[in-house]
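Participant: For the sequence shown, our numbering assigns the number 3 to the initial residue and increments by one for each residue that follows. Here it is, the structure, as C-alpha cells.
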Amino acid sequence: TYNKTCEPNLSDISVQSIEPVYLPDVRQTTDLGEYIASCRSAASSPSPV
Numbered sequence: 003t004y005n006k007t008c009e010p011n012l013s014d015i016s017v018q019s020i021e022p023v024y025l026p027d028v029r030q031t032t033d034l035g036e037y038i039a040s041c042r043s044a045a046s047s048p049s050p051v
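Below, the structure written as C-alpha cells:
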C-alpha cells in the first residue's frame, strides 16, 4: 500500500471569494444571590466562547 500526504505551499493557494457568515451572539447571566455566572456563545455552537 502506498500512502502520500500532500501539503500545498502558500503560493499554491489563492482565495477567489469570501462570503460573510452571521453568527448570533448569545450572552447569559445567572444570579444566585452571592454567586453570578456568565456565559457567552455563538448560537450555532454548543461550546462557550
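Built from N, CA and C at the ideal position, the CB exists for glycine as well.
From the DSSP output, in three-state form, read off S13 for me.
Facilitator: Helix, per DSSP.
Participant: With distances taken from CA atoms, which of V23, Y24 and I38 is nearest Q30?
Facilitator: Residue I38 is the option with its Cα nearest to Q30.
Participant: Between which two residues does the beta strand (DSSP E) carrying V28 extend?
Facilitator: Start and end: D27 to L34.
Participant: Do S43 and V23 have their C-beta atoms within less than 8 Å of each other?
Facilitator: Against a cut-off of 8 Å, the Cβ pair of V23 and S43 comes out as no contact.
Participant: Could you give the first and the last residue of the continuous beta strand (DSSP E) run that contains C8?
Facilitator: Neither: C8 is in no beta strand (DSSP E) and is coded neither H nor E.
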